[in-house]
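Engineer: What follows is a single structure, and I will ask about it in a moment.
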Amino acid sequence: MIPRIPAPRRGAAISPERLRSRIPNQKIIMAANPTTICNLALAHLGEDQLMSLDDDSREAQFCKRFYDQTRDEVIQSHAWNFAIRRAVLSRLSEAPPFGWAWQYQLPADCLRILQLNGHDVSRREGRYEVEGGRLLTNDDECAVRYLRRVEDAALFPPLFVEALALKIATRLAKPLTGSTSEVERLLTEYERITKPLAMRADALEGRPAVRPAWVESDFVRARRGGI
92 MIPRIPAPRR GAAISPERLR SRIPNQKIIM AANPTTICNL ALAHLGEDQL MSLDDDSREA
152 QFCKRFYDQT RDEVIQSHAW NFAIRRAVLS RLSEAPPFGW AWQYQLPADC LRILQLNGHD
212 VSRREGRYEV EGGRLLTNDD ECAVRYLRRV EDAALFPPLF VEALALKIAT RLAKPLTGST
272 SEVERLLTEY ERITKPLAMR ADALEGRPAV RPAWVESDFV RARRGGI
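For the sequence shown, counting from 1, position 151 maps to 242 in our numbering; every step adds exactly one.
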């Protein structure tokens with residue numbers, strides 16, 4: 092039978108040393124993985140720790156239910172450096188029925204477009220729509236920066252791991268503790284403290300995007316209808 096790791100006192104922090112001492116004959120893997128992240132979430136709730144997400148426990152079942160969705164949601168919510176990817180999209184031979192000149196196939200791991208042909212879409216500079224996994228635009232070429240789904244948790248920075256764990260804890264709190272106030276407490280900590288800290292640390296690793304000269308050329312703007 093797989094040993095269960097005793098829960099800490101609710102509200103008490105778990106140190107890595109205490110957690111290490113509670114896992115008999117097991118090596119501690121320092122790189123993050125879904126199980127360690129969910130154990131951080133459970134520690135916020137004072138619940139028993141898991142040896143695996145495949146444990147036959149309520150905690151494991153709820154962690155498996157919420158992990159993927161919550162991970163994608165947290166990645167999609169901010170332009171994390173570790174999740175940004177560049178791609179030149181393939182133009183599809185079939186044009187949209189109306190409204191746009193061209194359509195392009197989006198990458199399967201795309202969660203959100205950040206830039207289209209050098210234009211920051213958050214400032215409504217990029218003119219496009221996304222429908223059915225395709226990007227529709229009047230641009231005859233399509234180079235994008237986008238947020239991708241990152242399934243390898245070893246790529247997550249430490250503060251992102253803590254933010255994700257806390258967000259998962261907000262999902263676990265109601266079914267595991269029955270406490271609405273616990274949900275509100277964790278959500279407040281996530282939104283006001285943990286996620287902002289992770290975002291600030293992430294910002295130190297990036298740099299302001301510099302538009303290539305061709306983006307601003309009169310020739311290119313004319314070809315794109317004055318964008």
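Think of the CB as a built atom: it goes at the ideal place given N, C-alpha and C, for glycine as much as any other residue.
Per the contact definition of three or more C-beta pairs closer than 8 Å, is the segment 226 to 239 in contact with the segment 192 to 207?
Structural biologist: Flag = yes, the segment 192 to 207 and the segment 226 to 239 touch.
Engineer: Any idea what DSSP makes of glutamate 253, helix, strand or coil?
Structural biologist: Three-state DSSP puts glutamate 253 in a helix.
Engineer: Considering only the alpha carbon of each residue, which of Asp293, Arg239, Asp163 and His135 lies closest to glutamate 150?
Structural biologist: Among Asp293, Arg239, Asp163 and His135, the Cα nearest to that of glutamate 150 is on His135.
Engineer: CB-CB under 7 Å to leucine 277, same chain, minus the five flanking residues each way: which ones, in chain order?
Structural biologist: Closer than 7 Å at the Cβ level, and outside the excluded window around leucine 277, lie His135, Leu257, Ala260, Thr261 and Ala264.
Engineer: Using a Cβ-Cβ cut-off of 7 Å (strictly less than) and excluding sequence neighbours within five positions of aspartate 328, which residues of its own chain qualify?
Structural biologist: Because the chain is modelled from 92 through 318, residue 328 falls outside the range shown and cannot be assessed.
Engineer: Check the DSSP bridge columns for valine 235 and list the partner residues they point to.
Structural biologist: Ala178 and Leu207, per the DSSP bridge assignment.
Engineer: Classify leucine 267 as helix, strand or coil using the three-state DSSP reduction.
Structural biologist: Of the three classes helix, strand and coil, the one that applies to leucine 267 here is helix, per DSSP.
Engineer: Nearest to glutamine 196 by CA position, among Cys129, Val212, Asp211 and Glu220, is which residue?
Structural biologist: Considering only alpha carbons, the answer is Glu220.
Engineer: Could you give the residue range of the beta strand (DSSP E) that holds valine 221?
Structural biologist: Element bounds for valine 221: 220 to 222.
Engineer: Sorry if obvious, but does the Cβ on serine 168 come closer than 7 Å to a heavy atom of the ligand FAD?
Structural biologist: Annotation note on the ligand FAD: not contained in the displayed structure, which lists no ligands.
Engineer: Please classify phenylalanine 189: is it buried, with 16 or more other beta-carbons within 10 angstroms of its beta-carbon, or exposed?
Structural biologist: By the neighbour-count rule (16 or more Cβ atoms within 10 Å), phenylalanine 189 is not buried but exposed.
Engineer: Kindly identify the DSSP beta-bridge partner or partners of glutamine 167.
Structural biologist: Note: glutamine 167 sits in no beta bridge, so no partner.
Engineer: Out of curiosity, what's the CA-to-CA distance linking serine 270 and valine 235?
Structural biologist: The straight-line gap from Cα to Cα measures roughly 43 Å.
Engineer: Does the distance from the CB of alanine 244 to the CB of proline 125 come in under 8 Å?
Structural biologist: Contact flag set, yes.
Engineer: Which one or two residues does DSSP pair with tyrosine 281 in a beta bridge?
Structural biologist: Answer by DSSP bridge pairing: none, since tyrosine 281 is not bridged.
Engineer: Spell out the partners DSSP gives leucine 226 in its beta bridges.
Structural biologist: Paired residue(s): Tyr195 and Val221.
Engineer: Excluding the 5 residues flanking aspartate 309 on each side, which residues of the same chain have their C-beta closer than 7 Å to its C-beta?
Structural biologist: A caution first: aspartate 309 carries a pLDDT of 44, below 50, which makes its placement in the model too unreliable to give a value.
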